[in-house]
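Each remark here refers to the structure printed beneath this line.
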Amino acid sequence: MTPVEESPRATGRGALRRSLAEAMGAVVDVIFPPACGACRSLLPNSALLCTDCERAADLLAPPLCPCCGLPLATATAPAAGGDALAPAPCPDCAGAGQTRAFDAARALYVYGGPIETAIARLKFGRVPQIAIAAGDLLARALEMGTLAPLGAACDAVVPIPVGRARLADRGFDQAVLMARQIGRRLDRPLLPRLLQRVHETRPQAMLDRDQRSDNVRGAFAATGSLARGKRLLVVDDILTTGSTADAAAAALKRAGASRIEVVTLARAVLTC
Ligand SMILES: [Zn+2]
Ligand SMILES: [Zn+2]
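Numbering follows my numbering, in which position 75 of the sequence shown is assigned residue number 96; successive positions increment by one, without gaps.
Here is the structure:
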């Protein structure tokens with residue numbers, strides 16, 4: 022199948038689709054008034070979290086691994102010959118034989134607390150509005166430079182697709198909803214079908230670090246020429262070991278992408 026590009030620009034059909042989406046959004050707001058993604062308290066706008074949950078959520082703060090965005094101990098030595106103030110990459114990004122296919126990954130929050138609740142409600146409580154609010158929040162963070170070195174300077178936005186079985190069960194793909202919202206706000210095209218899962222994988226949450234890597238190796242393919250020479254912003258809800266993002270980035274680089282940045286709502290900080 023040839024990947025199809027969703028352009029945000031105001032072509033006739035695009036503008037009509039946008040107006041319809043906005044009108045549908047207004048109807049949805051009346052039927053399902055905006056509520057906090059974690060505690061469900063009603064909100065005056067479509068924010069991800071209420072003020073109390075936002076205060077309880079843990080924002081990721083430097084020093085971070087310059088590659089995967091993992092929070093590092095402040096004592097981490099700088100890379101040899103590198104900037105004395107720049108932290109060295111974490112062992113997953115720069116250990117023996119380790120490289121990442123993505124150029125940089127950043128998340129807004131540490132996975133846990135209200136963010137963990139919101140992601141669970143999004144996926145298992147089937148509340149797609151949480152993905153839309155998360156996409157809005159990430160787009161704002163990208164515009165403001167909060168997720169540097171990630172910014173708004175990408176050529177297109179690419180969601181990491183969920184497997185077919187999970188899509189059938191859930192009824193929507195949370196990464197597509199988040200990526201579409203980011204593309205709209207940044208005025209960048211969405212490439213929703215560029216990345217394909219070529220085989221089903223087991224849920225990563227059930228696996229340890231090595232199993233996660235084996236589980237997703239070769240799981241993705243990118244077909245067609247849309248990726249060629251492009252700087253792509255890859256979107257997912259959560260990054261844990263980075264294995265899934267790495268496998269997705271490898272497929273996009275094989276298809277000719279020049280740079281892959283990965284943005285997620287949350288970053289799990291594993292202790293094992
Ligand atoms: Zn709340
Ligand atoms: Zn790292």
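A virtual CB, placed ideally from N, CA and C, is assigned to each residue, including glycine.
Check each residue's C-beta against every heavy atom of ligand 4 and list, in chain order, those closer than 7 Å.
For the structure depicted, ligand 4 is absent and the ligand set comprises only ligand 1 and ligand 2.
Just to check, is the beta-carbon of Leu91 closer than 6 Å to a non-hydrogen atom of ligand 2?
By one-based count along the sequence shown, residue 91 stands at place 70. Yes, the Cβ of Leu91 comes within 6 Å of a heavy atom of ligand 2.
Please state if the CB of Ala125 and the CB of Ile181 are separated by a distance shorter than 7 Å.
By 1-based counting over the sequence shown, the position of residue 181 is 160. By 1-based counting over the sequence shown, the position of residue 125 is 104. Result no, Cβ atoms of Ile181 and Ala125 do not sit closer than 7 Å.
Name, in chain order, the residues that DSSP records as bridge partners for Glu27.
In the sequence shown, counting from the first residue as 1, residue 27 sits at position 6. Residue pairing from DSSP places Glu27 in a beta bridge opposite Leu211.
By Cβ distance, which residues of its chain are closer than 6 Å to Leu207, with the 5 residues on each side in sequence left out?
As a working note, residue 207 is residue 186 in the sequence shown. Counting only Cβ-Cβ distances below 6 Å, and skipping sequence neighbours, we find Ala160, Ala173.
Per DSSP, Phe241 is paired with what?
Numbered from 1 along the sequence shown, position 220 holds the residue referred to as residue 241. Looking at the DSSP output, Phe241 bridges to Arg218.
Whole angstroms are fine: how far does the CA of Asp267 sit from the CA of Pro110?
Looking up residue 110 in the sequence shown gives position 89. Looking up residue 267 in the sequence shown gives position 246. Near 15 Å, if we compare the C-alpha coordinates of Asp267 and Pro110.
Where Leu158 sits in the DSSP three-state scheme
Locating residue 158 in the sequence shown gives position 137, where the first residue counts as 1. Helix, per DSSP.
Output yes or no for whether 7 Å exceeds the beta carbon distance between Val178 and Asp194.
Against the sequence shown, residue 178 aligns to sequence position 157. Against the sequence shown, residue 194 aligns to sequence position 173. Taking 7 Å as the Cβ cut-off, Val178 and Asp194 do not qualify as a contacting pair.
Shortest alpha-carbon distance to Ala243 belongs to which of Cys86, Ile259, Gln217?
Position 222 of the sequence shown, counted from the start, is the residue given in the question as residue 243. Distance from the Cα of Ala243 is smallest, within the candidate group Cys86, Ile259, Gln217, for Gln217.
Spatial neighbours of Ala122 within its chain, please: CB distance less than 6 Å, with the 5 preceding and 5 following residues excluded, ordered by chain position.
Counting from 1 along the sequence shown, the entry for residue 122 is found at position 101. Here the set comprises Asp267, Ala270, Ala271, Lys274.
Report yes if the CB atom of Leu70 is closer than 7 Å to the CB atom of Pro149, and no otherwise.
For this step, residue 70 is matched to residue 49 along the sequence shown. For this step, residue 149 is matched to residue 128 along the sequence shown. No, Cβ-Cβ distance for Leu70 and Pro149 is not below 7 Å.
Beta carbon proximity, Glu282 to chain B, threshold 7 Å:
As a matter of chain content, chain B is missing from the structure shown, which is built from one protein chain.
Cutting at 7 Å between CB atoms, please list the residues of its own chain near Ala59, excluding the five before and the five after it.
Against the sequence shown, residue 59 aligns to sequence position 38. Within the same chain, Ala59 has close Cβ partners Leu70, Cys74, Pro135, Thr138, Ala139.
Contact under 7 Å by Cβ, Thr128 with Thr285:
One-based indexing of the sequence shown puts residue 128 at position 107. One-based indexing of the sequence shown puts residue 285 at position 264. Strictly speaking, residue 128 in this sequence is Ala, with Thr absent from that position. Taking C-beta atoms as the reference points, Ala128 and Thr285 count as a pair closer than 7 Å.
With respect to 6 Å, is the separation between the Cβ of Asp124 and the closest non-hydrogen atom of ligand 2 below this value?
Here the question's residue 124 lines up with position 103 in the sequence shown. Distance from the C-beta of Asp124 to the nearest heavy atom of ligand 2 is not below 6 Å.
Any heavy atom of ligand 2 closer than 6 Å to the beta-carbon of Pro110?
Residue 110 sits at position 89 when you count from the first residue of the sequence shown. At least one heavy atom of ligand 2 is nearer than 6 Å to the Cβ of Pro110, so yes.
How many angstroms separate the CA atom of Pro83 from the CA atom of Thr167?
Walking along the sequence shown from the start, residue 83 turns up at place 62. Walking along the sequence shown from the start, residue 167 turns up at place 146. Those two C-alpha atoms are separated by around 11 Å.
First and last residue of the uninterrupted beta strand (DSSP E) at Thr72:
Translated into positions along the sequence shown, residue 72 becomes position 51. Not the beta strand (DSSP E): Thr72 falls in the alpha helix (DSSP H), residues 72 to 77.
Which residue's Cα is closest to the Cα of Ala203: Asp257, Asp235, Ser62, Cys86?
Mapped onto the sequence shown, residue 203 falls at position 182. One detail in the question is off: residue 203 reads as Ile in this sequence, not Ala. The residue from Asp257, Asp235, Ser62, Cys86 with its alpha-carbon nearest to that of Ile203 is Asp257.
Same chain, Cβ closer than 7 Å to Ala240, neighbours up to 5 away in sequence not counted
Here residue 240 refers to the residue found at position 219 when the sequence shown is read from its first residue. The answer, listed in chain order, is Arg218, Val219, His220, Thr222, Ala268.
Let's test the definition: count the other Cβ atoms within 10 Å of the Cβ of Arg76 and tell me whether it reaches 16, buried, or not, exposed.
Residue numbering aside, residue 76 sits at position 55 when the sequence shown is read from its first letter. By the neighbour-count criterion, in which 16 or more other beta carbons inside 10 Å mark a residue as buried, Arg76 falls on the exposed side.
When you compare the CB positions of Ala287 and Ala248, do they come within less than 7 Å of one another, or not?
Numbered from its first residue, the sequence shown carries residue 287 at position 266. Numbered from its first residue, the sequence shown carries residue 248 at position 227. In this structure, the beta-carbon distance from Ala287 to Ala248 does not fall below 7 Å.
Would you call the CB atoms of Arg252 and Asp157 closer than 7 Å?
Residue numbering aside, residue 252 sits at position 231 when the sequence shown is read from its first letter. Residue numbering aside, residue 157 sits at position 136 when the sequence shown is read from its first letter. No, Cβ-Cβ distance for Arg252 and Asp157 is not below 7 Å.
Just list the residues that DSSP pairs Val283 with in beta bridges.
Translated into the one-based positions of the sequence shown, residue 283 becomes position 262. Under the DSSP definition of a beta bridge, Val283 partners with Ala126, Val255.
Cβ shell of Val283 (< 6 Å), same chain only, five flanking positions each side left out:
As a working mapping, residue 283 is identified with position 262 in the sequence shown. Result list for Val283: Phe123, Ala126, Val255, Ala266, in chain order.
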